[in-house]
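Asks:
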Amino acid sequence: MSEPSLSKTHILDEKDINHKLRRIASEILEQHPKTPLAFVGIHTRGVIVADRIYNVLIEDRKEMVKGSLDISLYRDDLDNLGSIPSIKNSDLPFEIEGATVILFDDVLFTGRTIRAAINVLTDYGRPAKIELAVLIDRGNRELPIAPNYTGHTIQTSKKEHICSHFHEIDDEEGVYKLINSERAS
Amino acid sequence: MTKQDPEKKKRRKDLLDIDSISVEEIDFLVKTAQPFKELFTRSVKKVPTLRGKSVLNLFYEPSTRTRTSFEIAAKRLSADVTNFSVSQSSVVKGESILDTIDTLQSMKVDYMIVRHSESGVPNFIAQNTHASVINAGDGYHAHPTQAILDTYTLKEVFPDLTRKKILIVGDILHSRVARSVSTCCRKLGIEIGVLGPGTLIPDSRPDYMECFKDYATAFAWNPDVIYLLRLQRERQQAYFFPSMREYHNLFGITSNRFETVKSEGIYIMHPGPVNRGVELIDEVMTYERCLINQQVENGIATRMAILYWLQPGENKIRKPNTEIRGKS
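In order, the protein sequence lines correspond to chains A and B.
Take the first sequence: its letters are residues 94 to 278, numbered as in our numbering.
Take the second sequence: its letters are residues 309 to 636, numbered as in our numbering.
Here is the structure:
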């Protein structure tokens, strides 16, 4: 993709993101007022989503642990990748066996990342339950996977690109839709 | 998957030597090896990355630890591993390398780990197969996976490797390990010294190698690491030095030298297998700064990272039985 031909449409700004994440937090609290929860963010930006929601909830409920996981080694498309991502450490400093786990990611698209994440988790043990929370659900699922908590739902085509930026690792904060304008016109 | 990872690395088909890979690629492999090591602490040590892929250990030369290390690495990535051991194969019946490769190609092998006593054989095989070829040691030429795992081990001890000093001791002339390790160290800005019998130090060594005549001058150079090479008894038919005992007295870590090693806090490395009483005395093996066992553990993680990185080519390199034979 060449830079100049990209058009960038704004979807969420910083305020919207915080609002959506707080709403997810209150839904989680509603669903699990007492159950001990394990928050697991998927690298890279799912970890930030998990952290932020964790920080909101820690005021109201204490029984929570958090971790992160990398799904690179569980991808189903490695054969086709000409470049390969570096792997980050999966950090799950608690017992997965019997835990109620909530997976966090920024954008839910084909569902393949989530499929991989579920496989990683089950290699650590047998969780009592796995739920899924995402900031953006952009449709176009290729697997029968549905989120339990969704911040924002948008209709997209497969060719569009949704990207999220967070202060923690990016220069700015917001969610954007990138379209190759040549293709669109 | 909408992740954009700035740390993506372009893949290669083969890993044949250290000269042809870049510092960035070495860094990438070292960085990637670390999460693999973390996997070993899990209850399930396997990941499905290479599920359905087949890895062939093609060893024309005896090896236990390198072969086992590759075998464990491949199995932890869920690949199927076949060991092709030469003593039981058609090679002893006179089959050429090219014919063997055609046969193995027909079996749809994805990765070939090759060790051979002749330099350059892995390169030759790589040109003639779609499978990814990893050089596991060829003649006096190269042993790239050893160099990368040693870099990883060094990096665990010294996060910044620039201007660190490594003293390589032993048979520099015949050692592919010395060649690959020194090339790798050179690329990463590590200073290299060599020490060994005059007959086993090549005259044509590169300028950056500081050459020492004995341990006294070598210790005065203040090395951070001493890298002992294995005395390859099986390769030394000619008389390069008088006896094992003399080698130990002159170039081994003796009790006296071990005292200096301890007081200076020098790390000890060795590619294995160790000849106790020749390269080093027993006590060195339990020394807290002896990295030999760490090297073995890191070997598996590094080889997993390498298998993860390489990408087998398309099955169209060459048609069998149409080219001139006899190259092998």
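Backbone N, C-alpha and C define an ideal beta-carbon position, used for all residues, glycine too.
(1) Please return the same chain residues whose Cβ sits closer than 6 Å to the Cβ of LEU196(A), not counting the five positions on each side in sequence.
(2) Does DSSP put GLU518(B) in a helix, a strand or coil?
(3) DSSP three-state call for GLU587(B): helix, strand or coil?
(4) If you draw a straight line from the C-alpha of TYR575(B) to the C-alpha of ASP590(B), how long is it?
(5) Are the CB atoms of ALA613(B) and LEU537(B) within a distance shorter than 8 Å?
(6) Short check: CB of VAL586(B) to CB of GLY621(B), under 8 Å?
(7) Over the uninterrupted alpha helix (DSSP H) stretch that includes GLU333(B), give me the two end residues.
(8) Going along chain A, which residues have a C-beta under 7 Å from THR357(B)?
(9) From ASP675(B) to THR491(B), what distance separates their C-alpha atoms?
(10) CA-CA distance, GLU266(A) and GLN248(A)?
(11) Does the pairing of the segment 227-243 of chain A with the segment 182-199 of chain A give three or more beta-carbon distances under 8 Å?
(12) Suppose the cutoff is 6 Å on Cβ atoms and the five residues either side in sequence are ignored; what does the same chain contact list for ARG484(B) look like?
(13) Have a look at PHE466(B) and ASN606(B) and give me their C-alpha separation to the nearest angstrom.
(14) In the DSSP assignment, find the alpha helix (DSSP H) that holds PHE432(B) and state where it starts and stops.
(15) So with Cβ pairs under 8 Å, would you call GLY175(A) a contact of chain B?
(16) Using the C-alpha atoms, what's the distance from ALA118(A) back to ASP153(A)?
(17) So MET577(B) is in the beta strand (DSSP E); what residue range does that whole segment cover?
(18) With a floor of 4 residues, list each alpha helix (DSSP H) that falls wholly inside the segment 481-527 of chain B, ordered by position along the chain.
(19) What are the start and end residues of the alpha helix (DSSP H) that includes GLY381(B)?
(20) Got a sec: which bits of the segment 141-164 of chain A sit with their beta carbon under 8 Å from any beta carbon on chain B, in order along the chain?
(21) Tell me, please, which residues DSSP counts as bridged to GLU224(A).
(22) Taking only the alpha-carbon atoms, compute the straight-line gap between ARG513(B) and ARG168(A) and give it to the nearest angstrom.
(23) Could you give the residue range of the alpha helix (DSSP H) that holds HIS254(A)?
(24) Could you tell me which residues DSSP puts in a beta bridge with ALA131(A)?
(25) Along the alpha helix (DSSP H) that carries SER571(B), what are the first and last residues, could you check?
(26) Using a Cβ-Cβ distance cut-off of 8 Å, determine whether THR408(B) contacts chain A.
(27) Evaluate the contact criterion for the segment 249-263 of chain A versus the segment 417-429 of chain B: three or more CB pairs, one atom per stretch, below 8 Å.
(28) Using only the alpha-carbon positions, how far apart do PRO343(B) and CYS598(B) sit?
(29) Reducing DSSP to helix, strand and coil, say where ASN530(B) ends up.
(30) When you compare the CB positions of PRO178(A) and GLU315(B), do they come within less than 8 Å of one another, or not?
(31) Within 10 Å of its beta-carbon, does TYR535(B) have 16 or more other beta-carbons around it, so buried, or fewer, so exposed?
(32) Along chain A, which residues have their Cβ under 7 Å away from the Cβ of SER384(B)?
(33) When we look at the beta-carbon of GLU123(A) and count the other beta-carbons within 10 Å, is it buried (16 or more) or exposed?
(34) Name, please, each residue of chain A whose Cβ falls closer than 8 Å to the Cβ of ARG350(B).
(35) Does GLY447(B) come out as helix, strand or coil in the three-state DSSP assignment?
(36) What separation, rounded to the nearest whole angstrom, lies between the Cα atoms of SER393(B) and ILE456(B)?
Replies: In short, the structure shows the following:
(1) VAL133, ALA210 and LEU225
(2) strand
(3) coil
(4) 15 Å
(5) no
(6) no
(7) 331-347
(8) LEU166 and LEU171
(9) There is simply no residue 675(B) to check, as chain B begins at 309 and stops at 636 in what is shown.
(10) 21 Å
(11) yes
(12) GLY445, TYR448, HIS449, ALA450 and HIS451
(13) 15 Å
(14) 429-435
(15) yes
(16) 10 Å
(17) 575-577
(18) 484-495
(19) This sequence places Ala at residue 381(B); Gly is not what is there. 373-384 is the extent of the alpha helix (DSSP H) around ALA381(B).
(20) ASP163
(21) ILE195(A)
(22) 45 Å
(23) Where HIS254(A) is concerned, there is no enclosing alpha helix (DSSP H), although the beta strand (DSSP E) it sits in stretches over 254-258.
(24) VAL158(A) and VAL194(A)
(25) 563-572
(26) no
(27) no
(28) 23 Å
(29) coil
(30) yes
(31) buried
(32) One point to set straight first is that residue 384(B) is Arg, not Ser, in the sequence displayed. Ordered by position in chain A, no residue passes the 7 Å Cβ test against ARG384(B), which lies about 10 Å from the chain.
(33) exposed
(34) ASP216 and TYR217
(35) coil
(36) 25 Å
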